[in-house]
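Q: Let me begin by handing over the structure; questions about it come next.
Pasting the structure below:
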């Protein structure tokens with residue numbers, strides 16, 4: 001279930017369920033700044049447990065769950081909204097991810113969000129930009145994960161371009177170095193595969209240009225340490241050093257023989273794949289040097305949480321941009337949002353909607369329910385749902401985006417009950433939100449400020465009573481007819497609407 005925001009908690013935590021490692025940071029938020037109190041991490045290699053049918057096997061799931069049991073001790077008792085847990089490429093790819101997510105949420109007591117590659121890139125850049133000194137130039141940030149690699153070009157705290165490619169040190173290890181043998185031919189295959197992936201974004205990256213290149217992953221840190229141990233720099237990565245490392249790997253021939261100072265035993269197996277990807281990045285983007293930054297996804301999640309608590313929610317900016325792009329009637333959106341939230345507050349307790357993100361979700365749906373009108377009036381609710389589900393909405397998890405799209409899809413005419421059922425136990429709550437959204441829209445069917453501030457709603461189970469001031473419906477026959485028809489629509493999803 002989506003979770004609500006805590007009111008300015010002093011302790012906040014972020015958990016990154018990565019394809020290679022799981023990481024957790026706990027921090028104290030004070031005066032708009034974050035002070036890290038605790039860091040935990042474990043090599044889980046979730047991506048290694050995904051088979052050809054994209055099923056996550058029980059062994060890899062259990063490794064992840066065992067790690068989360070340790071994490072759970074540190075966040076036990078922290079309020080909802082003070083903890084954010086994000087899943088990345090491995091959970092994006094696994095078809096049976098919901099099985100793992102349900103078990104993880106039972107252990108942690110908090111919602112797990114699976115985020116898109118571009119949302120992951122945004123959060124990585126947020127972590128990097130808040131960790132490094134604030135400079136006026138543009139930065140290229142690359143983060144080689146276990147299953148994907150993110151590229152961001154940004155200036156100060158704003159990402160200008162965000163991309164995510166399907167190449168990672170765990171997935172490439174499974175594909176090219178599964179038995180631990182390192183040969184020039186296998187390395188060349190991995191390198192070529194990475195070059196082919198990068199080709200799709202090369203032009204866009206070069207067009208924007210950058211002043212410095214930053215690497216934010218453990219892979220880049222490990223390669224920098226290996227180069228430093230070999231006398232090739234002070235922890236940064238350079239093109240000459242990569243060529244030297246490659247020659248050393250070929251001489252070693254097996255991952256078990258990798259003995260670079262600073263490289264932990266559990267990173268040896270994925271080291272050749274990470275090096276091949278990084279060399280491909282250097283060659284494709286004509287880099288000479290890349291510096292490492294400790295800040296990454298989990299720090300970005302912390303700063304994103306901090307922004308939400310201080311009314312600087314990127315999700316609000318995202319929806320504002322969407323409304324502007326599709327020429328939404330702002331006055332109508334505000335009217336519908338206001339009425340929907342008033343209705344919500346009257347029935348939230350009886351309909352069990354007080355805990356969670358439900359109020360925010362209803363407000364967002366009210367804001368954007370008309371985005372599809374810019375495409376065509378016919379089936380505009382379906383056009384709007386498609387735009388919301390398939391747009392790049394910064395700040396939203398995949399599930400939040402899908403729920404928002406479904407509310408927009410269901411705000412008029414037939415409610416797709418089967419689609420709501422796909423959300424399991426949250427499906428009933430989503431239908432109830434949809435009913436409240438439809439109520440607000442019907443009330444303002446005649447786009448104006450109708451005077452009926454004393455409308456009361458009373459809900460119990462599947463019954464909703466809407467009580468208008470005496471004589472108001474007789475004076476507004478169109479609204480009366482709308483609600484009579486609405487009662488028929490709602491019977492299809494098991495809601496009994498009574499209007500008086």
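Numbering (the UniProt record's numbering), first residue to last: 1 to 500.
We put the CB at the ideal spot given by N, CA and C, even for glycine.
Note that this is a predicted model, so its numbers are computed, not measured.
For residue 21, does the three-state DSSP call read helix, strand or coil?
A: Three-state result, residue 21: strand.
Q: Run through the DSSP bridge pairs and tell me what residue 238 is partnered with.
A: Residue 238 is bridged to 289.
Q: Could you check where the beta strand (DSSP E) with residue 417 kicks off and where it finishes?
A: Where residue 417 is concerned, there is no enclosing beta strand (DSSP E), although the alpha helix (DSSP H) it sits in stretches over 417-421.
Q: In terms of DSSP beta bridges, what is residue 138 paired with?
A: 155.
Q: So, under 8 Å CB-CB, residue 47 and residue 20 are touching, yes? Tell me the CB distance rounded to an integer number of Å.
A: With 8 Å as the limit, residue 47 and residue 20 qualify as a contact, their Cβ atoms being about 7 Å apart.
Q: Does DSSP put residue 41 in a helix, in a strand, or in coil?
A: In this structure, residue 41 counts as strand in the three-state DSSP scheme.
Q: By Cβ distance below 7 Å, which residues in the same chain neighbour residue 273 in space, the five residues on each side in sequence not counted?
A: Only 169, 172, 173, 176, 177 and 190 meet the Cβ criterion.
Q: Just how far apart, CA to CA, sit residue 245 and residue 252?
A: Going by the C-alpha atoms only, they are around 11 Å apart.
Q: One question on the structure: do residue 16 and residue 131 come within less than 8 Å of each other, judged by their Cβ atoms?
A: Cβ distance not < 8 Å, so residue 16 and residue 131 don't count as in contact.
Q: Which of the three DSSP states, helix, strand or coil, is assigned to residue 117?
A: Note: residue 117 maps to helix in three-state DSSP.
Q: For residue 304, which of 350, 109 and 129 has the nearest alpha-carbon?
A: The candidate whose alpha carbon is nearest that of residue 304 is 129.
Q: Can you tell me where the alpha helix (DSSP H) with residue 456 in it begins and where it stops?
A: No alpha helix (DSSP H) contains residue 456, which is instead part of the beta strand (DSSP E) from 456-460.
Q: Taking residue 80 as part of the alpha helix (DSSP H), name the residues at either end of that continuous run.
A: Taken as a continuous stretch (DSSP letters only), residue 80 belongs to no alpha helix (DSSP H), as it is neither H nor E.
Q: Using 8 Å for Cβ pairs, my map puts residue 123 next to residue 322. What's the rounded Cβ distance?
A: Wrong, their Cβ atoms sit about 20 Å apart, outside the cutoff.
Q: Apply the 10 Å Cβ neighbour rule to residue 36 and answer buried if 16 or more other Cβ atoms are within range, or exposed otherwise.
A: Classification for residue 36: exposed.
Q: Starting from the Cα of residue 362, find the closest Cα among 98, 271, 28 and 406 and give me that residue.
A: Out of 98, 271, 28 and 406, 406 has the C-alpha closest to the C-alpha of residue 362.
Q: From residue 491 to residue 497, what does the alpha carbon distance come to, in whole angstroms?
A: Rounded to whole angstroms, residue 491 to residue 497 spans 8 Å at the Cα level.
Q: Report the option in 11, 270, 161 and 424 whose CA atom is closest to the CA atom of residue 38.
A: Comparing Cα-Cα distances from residue 38 to each of 11, 270, 161 and 424, the minimum goes to 11.
Q: How far does the beta strand (DSSP E) with residue 356 in it extend, from its first residue to its last?
A: That residue, residue 356, is in no beta strand (DSSP E); it is neither H nor E in DSSP.
Q: Within 10 angstroms of its Cβ, does residue 207 collect 16 or more other Cβ (buried), or is it exposed?
A: Label assigned to residue 207: exposed.
Q: By Cβ distance, which residues of its chain are closer than 7 Å to residue 1, with the 5 residues on each side in sequence left out?
A: The predicted position of residue 1 is uncertain, since its pLDDT is 49 and thus under 50; a value taken from the coordinates is nonetheless stated next. Excluding positions up to five away in sequence, the list reads 111, 356 and 426.
Q: Please give me, in chain order, every unbroken run of the alpha helix (DSSP H) with length at least 4 that falls completely inside the segment 381-430.
A: With a minimum length of 4 residues, the continuous alpha helix (DSSP H) runs that stay inside the segment 381-430 are 398-409 and 417-421.
Q: Just to confirm the assignment, what range does the beta strand (DSSP E) spanning residue 259 have?
A: Careful: residue 259 lies outside any beta strand (DSSP E) and carries neither H nor E.
Q: Would residue 133 and residue 281 be called neighbours here (beta carbons separated by less than 8 Å)?
A: No, the pair does not count as a contact, with Cβ atoms beyond the cut-off.
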